[in-house]
Amino acid sequence: MNILFFLTPKDELAYIFDDYSLRQTVEKMEHHRYTSIPVLSREGKYVGAITEGDLLWFLKNEHELTLKDAEQCPISEVHRHADYRPVKVSTNIDDLVAHAMEQNFVPVVDDRDIFIGIITRKNMIKYLYNKANDIVPQDAASIVEATANL
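Using my numbering, the first residue of the sequence shown is number 1, and each one after it goes up by one.
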């Protein structure tokens with residue numbers, strides 16, 4: 001199965017650029033109700049992801065930070081604790097699942113490392129759940145029949 005089946009394209013999600021300020025980042029995350037957001041370079045390359053936790057740890061350690069300071073503070077100064085590793089568009093489904101077990105979304109890049117979108121763990125689970133429900137009722141009768149002769 002091609003992983004693009006699960007892809008939410010870049011133009012359908014929010015992201016920030018690595019030259020955004022702390023305030024711009026917080027406002028965009030709040031507006032879209034994101035707990036983490038992809039970070040891109042102006043060239044469109046995937047840089048990483050910022051999480052609410054990253055922001056909270058930064059704010060905890062910056063005791064004197066005001067709202068005005070947050071406008072001047074580049075998001076690149078915020079240490080990222082989570083490593084949302086991207087996958088290539090050619091990645092197989094097994095590697096995608098391995099990434100999704102560690103991250104709530106998996107960034108996808110093309111062969112030039114340009115960000116093209118994300119695959120959410122939620123979309124993968126929903127697909128697998130629906131597939132399991134389609135398979136189990138049909139196979140249940142044959143399993144019962146096969147084990148009855150044991």
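From the three backbone atoms N, C-alpha and C, an ideal C-beta is built for every residue, glycine too.
Consult DSSP for Val39 and reduce its assignment to one of helix, strand or coil. Within the sequence shown, the letter at position 39 stands for residue 39. Note: Val39 maps to strand in three-state DSSP.
Spatially closest choice to Val108 from Asp54, Gly48, Arg80, Leu67, by CA coordinates: In the sequence shown, counting from the first residue as 1, residue 108 sits at position 108. Closest by alpha carbon: Gly48.
Tell me where the beta strand (DSSP E) around Gly53 begins and ends. In the sequence shown, the residue the question calls residue 53 occupies position 53. Taken as a continuous stretch (DSSP letters only), Gly53 belongs to no beta strand (DSSP E), being part of the alpha helix (DSSP H) at 52–61.
Presumed contact (8 Å Cβ cut-off) between Thr35 and Ala82, rounded CB distance: For the purposes of this step, residue 35 is taken as the residue at position 35 of the sequence shown. For the purposes of this step, residue 82 is taken as the residue at position 82 of the sequence shown. Not really, about 11 Å apart at Cβ, beyond 8 Å.
If you run the structure through DSSP and keep just helix, strand and coil, what is Trp91? Within the sequence shown, the letter at position 91 stands for residue 91. Checking the sequence shown, residue 91 turns out to be Thr, not Trp. Of the three classes helix, strand and coil, the one that applies to Thr91 here is coil, per DSSP.
CB-CB length for Thr25 against Ile118, believed under 8 Å: Locating residue 25 in the sequence shown gives position 25, counting from the first residue. Locating residue 118 in the sequence shown gives position 118, counting from the first residue. At roughly 17 Å, the Cβ-Cβ gap does not stay under 8 Å, so Thr25 and Ile118 are not in contact.
Along the chain, which unbroken stretches of the beta strand (DSSP E) at least 3 residues long are found entirely within the segment 89–124? 105–109, 115–120
Alpha helix (DSSP H) segment containing Ala70, residue limits: Counting from 1 along the sequence shown, the entry for residue 70 is found at position 70. Start and end: 67–72.
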